[in-house]
Structures are given as C-alpha cells and as structure tokens.
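Before any comments, here is the structure.
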Amino acid sequence: MRIKKAILFALVTICLLLFMFYHLDIQNRFIVSGRIERLLAIVLVSVTVGYSTIVFQTLSSNKILTPSLMGYEHLYILVQVLAILFLGSNSLFFQSKTIGFIISCLILLIYSMALYGFIFRKHRKNIYYILLIGLILGIFFSTTTQFLQNIIDPNSFGYVQSAMFATLSKTSLSNLVISMLVTCTTIVYLLRDLKYLNVLVLGRENAFGLGVDYDSIARRQLLGISILVSVSSALVGPITFVGIFVAGMTYRLTNVENHSYNIPFAIGIALILLCCAQFLIEHLLNYKYSMAIIVNLIGALYFIMLILKLTRK
C-alpha cells in the first residue's frame, strides 16, 4: 500500500505541476491567475467528487451508484432554464458569476435538505426508497428542462447550452472562496464519522449490533454529501460519470474497505483525471471541447465495461 500511495502522490504532483507551469509566461498575470483559479477549482471538485462518491456507495452498499442519481445535475440545468425564461439573459443571474453561483447553490441545498431531511425521517430504514425518489425527481427535472427549452428565445439558448456541460470557465475568485469555505467546513464536520464508516459497510443491522448509530451517521453523511455535490455542480456544472470511474479505480487499487485509504485515493484519481482532461482541452484541442465531454466519455466507457463484467458473472 505504501508503494501505491507513493506512486499516486507522484502522479498527482506531476499532473499539478504540468498543468500549472506548462508553457507558462510568469510575467503575464492574467494567465497565471487564470491557471491558479482553474487549478483550485479542479482540487475542489476532486475533493467533493472523491469523498461524496465513496461514502455514498458505502451507505447504499452498491459500487455503481453515485450521488448524481439524486437529480442534482438535472435540477441545476432546470434552474438555468427557468432563470432564462423569467429573468432573461441580461439579468444579474447570468451577468454576475457570483450571484448565479450563490442562487444555484442555495436552490440545490434546499432541494437536498427537503429530500434527505423529510424523506429520511419517514423512511429511515430504507435508503433505496430515497434513491428511487431522487431518480424519479431527476427524470422529472430532465423532461421539464427539455420541454422548456423549446420555448426559450434562440438568442438566449447559448446560456442554457453552456450550463449543460461542465467547464472551468464558470469559476471566479469569489466563487472559489465561497466554495472553499463551504467545502472545508463540510469535510471537517463529516470526518468526525470517519472511524465509523468502515462499520457502516457491514450494513444497518450489523452496525447497530456493534453499537454504531447507523441512522444518525447516515443522515449526517447524506446531508454533507448533498452540500458537496451542490457546490460542485454550481461551481463547474454537471459531471455525471466521473464518480463511477474514480470509485471503480479506487477499489481496484486499494482492494480494501478502509475509508482512510479509499477517500484519499479517490481524490487523487479525480485530480489526475480532471487535470489531464483540462490539459488536453487547453493545449491540444484548443478549447474546441468542454471538460465534461472528455471526463464523461472516460467515465461512461468504464461504466459500460463494469456493467458487461457484472452481467458475465
């Protein structure tokens, strides 16, 4: 395990340095500040995706489920469409990245609190009921968005189209500061349950048998995950399949159910994936594609391979 840690740390360091300093004109403050902002955004998204996916799969006892099933990304796009319809493209929601980010994040957080807070109290013994509700709501948000897109002014459709794909161009310094404060506070709050997560892998009944309050820990973790996913979605946009790829590669490398290993590995793998994808976009593809296309393509291919592997068993 030490060798794997050292290799992963070396790869992450190389990717970060290459992304930051490749063809960098240090005297150009605009380029330097832009790369720093994009690098911070990548780190934040990697932390949120890595932690939320690993813990979510622990709570659901399923290695192919991710928090994106709860409909966050579909709701995020729907919010952008509704803002275009009722506020217009010239409103502060679109002209100010900070205001748009805060409003989107607050709506996603309210949705999360309603979903987990109310439903989990009513059906605390069945987390799959919550997953089913989230999946149905996600489909509802998606179909509503598709309907509303047909009545949007064609001149304003570009704003909606940009919201459909994850990109680091949406970030700003103020958004990053807010995201860092929220993410760091949430992670510190959730890490107090880290020692219990390995017990939660055994299931609800076994966890209670070992003296662990499964319901309260699961509720805290789900609420924390909802905050992390909301911040990530509002910051860069939807990245549906990244979590599946990151979690799958993590389990292949660690081969243990120890969250002290799995969570750092997941964050490191996410950093490598996102850094490489953004590097390709900037230096090889000349911004012809968005980051979402590359990372979702890799994640989707891995998901298909995973499904085919499961069907053969």
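Letter by letter, the sequence shown follows residues 0 to 312 in numbering that gives the first Met the number 0. Here a beta-carbon is modelled for each residue, glycine too, at the ideal position from N, C-alpha and C. Everything numeric in this text was worked out from a predicted model, so none of it was measured.
Worksheet item: Since Tyr75 is in the alpha helix (DSSP H), which residue starts that stretch and which ends it?
Response: First-last of the alpha helix (DSSP H) with Tyr75: 71-85.
Worksheet item: Taking the C-alpha atoms as reference points, what is the distance between Ser59 and Arg1?
Response: Using only the alpha carbons, I get a separation of about 29 Å.
Worksheet item: What do you get for Tyr21, buried or exposed, if any count of 16 or more other CB atoms within 10 angstroms of its CB means buried?
Response: Exposed.
Worksheet item: Residues in its own chain within less than 7 Å of Phe139 by CB, not counting five upstream and five downstream?
Response: By the criterion of a C-beta distance shorter than 7 Å, Phe139 is surrounded by no residue of its chain, once the five residues flanking it on both sides are discounted.
Worksheet item: Is it the case that the Cβ atoms of Leu199 and Thr57 are separated by a distance below 8 Å?
Response: Yes, the pair counts as a contact, with Cβ atoms nearer than the cut-off.
Worksheet item: Which term fits Ile224, buried or exposed, when burial requires 16 or more other beta carbons within 10 angstroms of its beta carbon?
Response: Taking all protein chains in view, the Cβ of Ile224 is crowded by 16 or more other Cβ atoms within 10 Å, so the residue is classified as buried.
Practice prompt. May I have the straight-line CA-CA distance separating Ala233 from Ile6, to the nearest angstrom?
Written response: Distance between the alpha carbons of Ala233 and Ile6 is about 32 Å.
Worksheet item: CB-CB under 8 Å to Ile53, same chain, minus the five flanking residues each way: which ones, in chain order?
Response: Closer than 8 Å at Cβ, skipping near neighbours: Ala246, Thr249, His258, Asn261, Ile262, Ala265.
Worksheet item: What span of residues does the alpha helix (DSSP H) with Thr65 cover, start to end?
Response: Per DSSP, Thr65 belongs to no alpha helix (DSSP H) and is neither H nor E.
Item to complete: Work out the CA separation of Lys4 and Ile177 for me, nearest whole Å.
Response: In this model, Ile177 and Lys4 are separated by some 31 Å (Cα to Cα).
Discussion item. Using 8 Å as the threshold, is the C-beta distance between Cys274 and Cys14 below it?
Written reply: Yes, these two residues count as a Cβ contact at 8 Å.
Worksheet item: Taking Cβ to Cβ, would you say Val46 is nearer than 8 Å to Thr182?
Response: Taking 8 Å as the Cβ cut-off, Val46 and Thr182 qualify as a contacting pair.
Worksheet item: Pro153 by DSSP, collapsed to three states: which one?
Response: Pro153: helix per DSSP, three-state reduction.
Worksheet entry | Simplified DSSP state of Ile106, which is helix, strand or coil | Ile106: helix per DSSP, three-state reduction.
Worksheet item: So is Tyr286 buried or exposed if we call it buried at 16+ other beta carbons inside 10 Å?
Response: Per the 10 Å Cβ criterion, exposed.
Worksheet item: Glu281: which of Ile150, Gln94, Phe18 sits nearest, CA to CA?
Response: Per the Cα distances, Phe18.
Discussion item. Assess contact between the region 185-199 and the region 209-222, defined as three or more Cβ pairs (one per stretch) separated by less than 8 Å. Is contact present?
Written reply: Touching, yes, given that three or more Cβ pairs across the two stretches are closer than 8 Å.
Worksheet item: By Cβ distance, which residues of its chain are closer than 7 Å to Glu72, with the 5 residues on each side in sequence left out?
Response: Answer for Glu72: Ser232, Pro237, Thr239, listed in chain order.
Worksheet item: Ile243 and Phe302 look like a contact to me (Cβ under 8 Å); what is the Cβ gap, rounded to whole Å?
Response: About 5 Å separates the beta carbons of Ile243 and Phe302, which is inside the 8 Å limit, making them a contact pair.
Discussion item. Can you tell me whether Asp214 is helix, strand or coil according to DSSP?
Written reply: In this structure, Asp214 counts as helix in the three-state DSSP scheme.
Worksheet item: Excluding the five sequence neighbours on either side, which residues of its own chain have a C-beta within less than 8 Å of the C-beta of Ile151, listed in chain order?
Response: Answer for Ile151: Val80, Ile83, Leu84, Val159, listed in chain order.
Worksheet item: Given a threshold of 16 other Cβ atoms within 10 Å of its Cβ, counted over all protein chains shown, does Ser32 qualify as buried or as exposed?
Response: Ser32 counts as exposed, since fewer than 16 other beta carbons sit within 10 angstroms of its beta carbon.
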